[in-house]
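Visitor: Starting off with a structure, shown below.
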Amino acid sequence: MSSTPTMSLFILLSLFGFLAIKVESAPTYSFHSCTDTYTFKPNTTYSTNLNLLLSSLTSNASLHDGFLRTSVAPINGLFLCRGDASPALCQDCVAAAADDILRRCPNQTESIIWYDTCLLRYSNQSFNNIVPSVSLQSNTTVASSEQSQFEQSLSDMMNDLKSEANSQTGKKFATKEVNFTSSQTLYGLAQCYPDLSSFDCNMCLESAVAALPSCCSGRKGARVLLPACNIRYEFYLFYNITHTSSSSPPSPPSSSSGKSNISIVVAIVIPIVVALALFVAGCCFLRRRANKKKYTTFKQDDGSGFGAVYKGILPNGHEIAVKRLSLTSLQGALEFRNEAALVAKLQHRNLENPSDRPSMATIALMLNSYSVTLSLPRQPASFMRGRTPNRLKNGVDSDQSSCSIPWSANEASITGVYPR
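Per mature numbering (1 follows the signal peptide of the UniProt record, and there is no 0): the sequence shown = residues -25 to -1, 1 to 395.
This is the structure in structure tokens:
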């Protein structure tokens, strides 16, 4: 039972925390101004066009980098979000301002409303950048002993903010912080419409800064709100540092940056060249290996000095043998020609035609039997005139007339038919 009150307390604290977050993130109303010179009646064309204009501004609040100027004839409208506002925060602020301005200025043809993070305005006339002007200040003041130091620090900071915001090419928005004392920091902000010229932005900010002594002298916090620009300072951080764009425009590249760019280019090009070289080398290697696969090695170099012999098949089906000279053999073209000539001399020309070769059965019969019938030996191609006596041609020697062993004789050799 004791866990029930604890659970209820936890849920209640969670709800309070959620509500606190929602309230903290909600847009904060600052001020509004309605011009009573001209009014319009409800349910008229002007009323319809005004609703269309506000709807267009609201739907585009997160898409145009915090600023949009548009019109639905004859009404001109715009919104400006603070330079550090996120797109989601800008969208929420403009939507709240569009609903609030119709409630606070229900039938005025020209109105403007400021929130902490945005402003929204519309008019059926050309916009005035200076009027109306609104100042908001803190209820607390700095100590009298610090008054002169405060005014000097504030003046220097505002001059810096004015110059920096006016020099921006995108958002004309700048922030700055100054160490006022060892325990106090002064934060400042300045902003103009992004589409204002440098001259108009400078004039607007000059008017805002000039209003500070008369409205907010010695105050620990103050805002001066003009339609086209605004300034603010506080002794606490009131803007989002991560979204500020107070950095100055990029300076021209120096020589060191040029060198770094060259280094980057070299670092990119060299690996590409090396990769291409490796790719080409790999292709050559694979092609060479594929060509070598067409040959099979049937005799390796035995140390005699020439290299391996490869067996291959030509496209017409003939088998060939290719000897590849070894680089370590130190054999040159002369040695190769000598070897080729030697091989040609050792060729047995009678055995060039396989049909002229005796079969293995005939050879086996010759080796195992005396009853062999051989064809009459033909004159060999390498015929040489012999000097054997005629008596040997008949196969019978005078001293061996009783022998019956037949002889195979030709003009170059005498061969016994039967095996020895």
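Beta carbons are placed, not taken as given, at the ideal position from N, Cα and C, and that holds for glycine.
Let me know the secondary structure DSSP gives residue 399 once reduced to three states.
Guide: Only positions -25 to 395 of the chain appear in the structure, and residue 399 is not among them; the question remains open.
Visitor: Should ASN18 go down as buried or exposed, given a rule of 16 or more other Cβ atoms within 10 Å for buried?
Guide: Per the 10 Å Cβ criterion, exposed.
Visitor: Between the segment 187 to 198 and the segment 24 to 43, do three or more beta carbon pairs fall short of 8 Å?
Guide: No contact exists between the segment 187 to 198 and the segment 24 to 43.
Visitor: Between the segment 145 to 162 and the segment 116 to 132, can you find at least three pairs of beta-carbon atoms closer than 8 Å?
Guide: Yes, the segment 116 to 132 touches the segment 145 to 162.
Visitor: Return helix, strand or coil for GLN83, following the three-state DSSP convention.
Guide: Reduced to three states, the DSSP call for GLN83 is strand.
Visitor: List the DSSP bridge partners of PHE6.
Guide: According to DSSP, which records beta bridges pairwise, PHE6 is partnered with TRP89.
Visitor: How far does the alpha helix (DSSP H) with residue 444 in it extend, from its first residue to its last?
Guide: Since the displayed the chain opens at -25 and closes at 395, residue 444 lies outside it and no answer follows.
Visitor: Do you know how far the Cα of VAL284 is from the Cα of ARG299?
Guide: Approximately 6 Å between the Cα atoms of the pair.
Visitor: With respect to the beta strand (DSSP E) encompassing LYS151, which residues constitute its N-terminal and C-terminal limits?
Guide: Looking at the DSSP string, the run of the beta strand (DSSP E) that includes LYS151 is 148 to 154.
Visitor: Classify ALA149: buried if its beta carbon has 16 or more other beta carbons within 10 angstroms, exposed otherwise.
Guide: Buried: at least 16 other Cβ atoms inside 10 Å.
Visitor: Taking only three categories from DSSP, how would you classify LYS16?
Guide: Coil at LYS16, not helix or strand.
Visitor: If ILE105 sits next to SER182, beta carbons under 8 Å apart, how far is it from one beta carbon to the other, in whole angstroms?
Guide: About 6 Å; that satisfies the 8 Å criterion.
Visitor: Flag this pair as touching only if the segment 80 to 96 and the segment 168 to 185 have three or more C-beta atom pairs under 8 Å; answer yes or no.
Guide: Too few Cβ pairs lie closer than 8 Å, so no.
Visitor: How many Å lie between LEU29 and GLN166 at the Cα?
Guide: In a straight line, the C-alpha of LEU29 is about 23 Å away from that of GLN166.
Visitor: State the beta-bridge partners of VAL199 as determined by DSSP.
Guide: In DSSP, VAL199 forms a bridge with SER110 and ILE206.
Visitor: Looking at the structure shown, is ALA256 part of a helix, part of a strand, or coil, going by DSSP?
Guide: Helix, per DSSP.
Visitor: Is it true that the CB of LYS137 sits closer than 8 Å to the CB of LEU200?
Guide: The answer is no: Cβ separation not under 8 Å.
Visitor: Under a Cβ-count criterion, where at least 16 other Cβ atoms within 10 Å of its own Cβ denotes burial, should MET133 be classed as buried or exposed?
Guide: Buried is the call here.
Visitor: Looking only at C-alpha atoms, which of ARG44, ASP91 and ASP59 sits nearest to THR3?
Guide: If we check each option's Cα against that of THR3, ASP91 comes out closest.
Visitor: Buried or exposed for SER98, please, with buried defined as at least 16 other CB atoms from any protein chain shown within 10 angstroms of its CB.
Guide: Flag for SER98 reads buried.
Visitor: Where LEU367 and GLU310 are concerned, what is the direct C-alpha to C-alpha distance, given to the nearest angstrom?
Guide: Note on LEU367: pLDDT 45, under 50, position unreliable in the model; the coordinate value appears next. Spanning the two alpha carbons is a distance of roughly 45 Å.
Visitor: Skipping 5 residues on each side, what residues in its chain have a beta carbon closer than 6 Å to that of LEU251?
Guide: Once the five neighbours on either side are set aside, LEU251 has no close Cβ partner at all.
Visitor: With distances taken Cα to Cα, identify the nearest neighbour of GLY216 among LYS151, CYS9, ARG96 and THR20.
Guide: In the sequence as presented, Gly is not what sits at residue 216; that position holds Ile. Checking every option, the nearest Cα to that of ILE216 belongs to LYS151.
Visitor: Suppose you measure from the CA of ALA60 to the CA of VAL248; what does that come to, to the nearest Å?
Guide: So the alpha carbons of these two residues sit roughly 47 Å apart.
Visitor: Taking all protein chains shown into account, decide if ARG312 is buried (16 or more other Cβ within 10 angstroms of its Cβ) or exposed.
Guide: ARG312 should be labelled exposed.
Visitor: Per the DSSP calculation, GLU294 is bridged to which residue(s)?
Guide: ILE288.
Visitor: Inspect the beta-carbon positions of LEU95 and LEU32 and report whether they are closer than 8 Å.
Guide: Result yes, Cβ atoms of LEU95 and LEU32 sit closer than 8 Å.
Visitor: Give me the Cα-Cα distance between GLY292 and ARG264, rounded to the nearest whole angstrom.
Guide: Cα to Cα, the separation comes out at about 21 Å.
Visitor: In this structure, does DSSP put LEU(-11) in helix, strand or coil?
Guide: In this predicted model, LEU(-11) has a pLDDT of only 46, less than 50, meaning its place in the structure is not dependable; the value taken from the coordinates is given anyway. In the structure shown, LEU(-11) sits in a helix (DSSP, three-state: H, G or I).
Visitor: Below 8 Å on the Cβ atoms is my contact criterion, and I expect PHE42 with PRO169 to pass it. Report the Cβ-Cβ distance as a whole number of Å.
Guide: PHE42 to PRO169, Cβ: 5 Å. Contact.
Visitor: With a CB to CB cut of under 7 Å and the five nearest residues on each side skipped, what residues in its chain are close to GLN100?
Guide: Excluding residues within five positions, the ones whose Cβ falls inside 7 Å are GLU85.
Visitor: Less than 8 Å between the CB atoms is what I'm expecting for LEU111 and ARG198, so what's the real figure, rounded?
Guide: So it is a contact: roughly 4 Å between Cβ atoms.
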